[in-house]
Every structure is written in structure tokens, then in C-alpha cells.
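Residue numbers (UniProt numbering): 1 to 217. All C-beta atoms in this analysis are idealised placements derived from N, C-alpha and C, irrespective of residue type, glycine included. One structure below.
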């Protein structure tokens with residue numbers, strides 16, 4: 001059962017990690033939509049806040065509302081098209097840090113489970129070998145404490161809720177997940193998932209660049 005979503009975006013200033021004539025890189029706070037929501041009262045988002053300060057900001061990709069971390073925006077149509085191809089052709093590489101429920105056995109692994117929408121329970125996604133689209137995630141343990149494990153996640157595809165569903169499928173839901181975690185695992189103050197790094201080619205120089213945002217938990 002998915003709890004009712006109450007949108008209460010945080011009142012925090014923009015955190016600009018990098019800025020030049022072609023791109024803007026920000027650290028999105030948890031609890032703020034990337035783009036305006038379809039329902040009333042969900043117009044406040046990172047894109048609108050950024051455009052109020054940088055009128056030329058253009059959307060390239062998104063993060064889930066509850067996820068924090070690195071997001072890149074373009075400042076020209078040419079840069080937007082170039083960066084869009086970086087993501088579409090999987091030349092953009094991202095790493096995430098998550099705190100997950102339970103003690104994950106082993107030190108690293110690879111998840112290859114196809115995903116699709118759980119239509120009767122939207123926005124939930126689910127593993128489906130019959131209807132799902134390919135989805136792959138690498139995981140590596142970077143810390144352990146009683147009852148939980150800290151992992152670094154590297155997605156090789158960009159399916160909706162991919163990391164959240166993949167960790168749930170391993171039996172270790174991400175702490176604070178309002179959709180997939182249950183019981184004590186849901187009690188964390190936020191979804192413990194953060195986009196730590198983003199690496200891609202710069203639209204102007206073609207050089208590979210990496211941006212990072214410090215993990216807030």
C-alpha cells in the first residue's frame with residue numbers, strides 16, 4: 001500500500017556545483033521535484049527554482065523527488081541535445097550511495113532484473129521477466145553498521161525506480177523509501193539514496209568531466 005504523497009518541498013537555497021556558458025550542475029535536495037508535477041500544488045521544483053535564477057536553464061534528465069544529488073542542466077539547445085545523447089547512448093555514468101535495510105552478504109555484485117510499471121499500483125515499478133525492459137545495476141558495500149549496509153550503486157540502465165526496486169529484489173530495501181520499504185525500514189527521515197557522481201563528456205570541449213555532491217547522510 002502506497003501512502004498518500006504530501007508534497008512539502010524544502011525551503012533551501014540552490015546549491016550550484018558548477019556553472020559555465022554551456023551547463024549548470026546542481027545538488028538537488030531530497031523532497032524537491034525535478035520538474036513540475038501534474039497535480040495542483042506541485043509546481044515548485046528544481047527546474048523552476050533554477051530558471052528563476054538562470055533563465056536559460058534547460059532540462060536534461062531527472063531524479064526522483066525523494067532522491068538527492070547531482071543533476072546537470074543545459075544552457076543552450078545544442079548543449080541540451082548533446083547531453084541528451086550522452087544519457088541515451090549510455091555514455092553518462094552515475095554512481096549513487098544508499099543506506100539499505102539489513103546486512104547485505106558479500107562485498108559486491110551485479111543485478112540483472114528487467115523492470116516494468118506495476119500499473120494497478122502506480123507509481124510502483126516491479127520485476128517482470130515477461131514484460132520488463134532490461135535493467136542492470138552493480139553494487140558494492142562501502143560500510144556496515146548494525147541492521148543496515150551502506151552501498152555504492154552504479155546503474156547501467158536508467159529505468160524508473162531502478163535502484164529502489166533492485167535493492168528491494170535483493171531483500172534489502174533502501175531505508176526511508178515511502179513506496180517500497182515497510183515497517184522499521186520506512187522510518188528513516190528521508191529516502192537514503194543520493195546521486196553522488198555524474199561523469200560525461202562536456203558539450204563544448206568534448207572532454208570527459210566528473211561532478212560530485214557530498215553525501216548528506
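Which residues does DSSP pair with residue 139 in a beta bridge?
Translated into positions along the chain shown, residue 139 becomes position 139. Paired residues: 109, 153.
Of the listed residues 156, 21, 147, nearest to residue 205 (C-alpha basis):
By 1-based counting over the chain shown, the position of residue 205 is 205. Cα-wise, what sits closest to residue 205 is 21.
Selected residue, minimal CA-CA separation from residue 185, among 175, 56, 193
Here residue 185 corresponds to residue number 185 of the chain shown, with the count starting at 1. The residue with the shortest Cα to Cα distance from residue 185 is 175.
Please list, in chain order, all residues of the same chain as residue 63 whose beta carbon is under 7 Å from its beta carbon, the five residues on each side excluded.
On the chain shown, position 63 is the one that residue 63 refers to. Result list for residue 63: 28, 34, 69, 71, 195, in chain order.
Output the boundary residues of the alpha helix (DSSP H) element that contains residue 48.
Counting from one through the chain shown, the residue named residue 48 turns up at place 48. Its alpha helix (DSSP H) spans residues 46 to 53.
Using only CA atoms, which one of 73, 87, 136 lies nearest to residue 58?
Numbered from its first residue, the chain shown carries residue 58 at position 58. Of 73, 87, 136, the residue nearest in Cα terms is 73.
Along the chain, where does the beta strand (DSSP E) that runs through residue 125 open and close?
Counting from one through the chain shown, the residue named residue 125 turns up at place 125. Start and end: 125 to 127.
Report the three-state DSSP secondary structure of residue 39 (helix, strand or coil).
Here residue 39 is taken as the residue at index 39 of the chain shown, counted from 1. Three-state DSSP puts residue 39 in coil, outside helix and strand.
Please state the DSSP three-state secondary structure of residue 164.
Walking along the chain shown from the start, residue 164 turns up at place 164. Reduced to three states, the DSSP call for residue 164 is helix.
Once you ignore the five residues that flank residue 215 on each side, which residues in its own chain have a CB closer than 7 Å to its CB?
In the chain shown, the residue the question calls residue 215 occupies position 215. For residue 215, where only same-chain residues beyond five positions count, the Cβ hits under 7 Å are 97, 194, 196.
8 Å contact criterion, which residue 83 and residue 9 should meet: CB distance rounded:
Here residue 83 is taken as the residue at index 83 of the chain shown, counted from 1. Here residue 9 is taken as the residue at index 9 of the chain shown, counted from 1. Going by Cβ atoms, the distance from residue 83 to residue 9 rounds to 25 Å, so no, they are not a contact pair.
How many angstroms separate the CA atom of residue 7 from the CA atom of residue 50?
Your numbering for residue 7 matches position 7 in the chain shown. Your numbering for residue 50 matches position 50 in the chain shown. Approximately 19 Å, taken between the alpha carbons.
Separation of residue 111 from residue 212, as counted between CA atoms
In the chain shown, the residue the question calls residue 212 occupies position 212. In the chain shown, the residue the question calls residue 111 occupies position 111. When rounded, the distance between both Cα atoms is 24 Å.
For my contact list, residue 138 and residue 126 are in at a C-beta cut-off of 8 Å; report their separation, rounded to the angstrom.
Residue 138 sits at position 138 when you count from the first residue of the chain shown. Residue 126 sits at position 126 when you count from the first residue of the chain shown. Wrong, their Cβ atoms sit about 21 Å apart, outside the cutoff.
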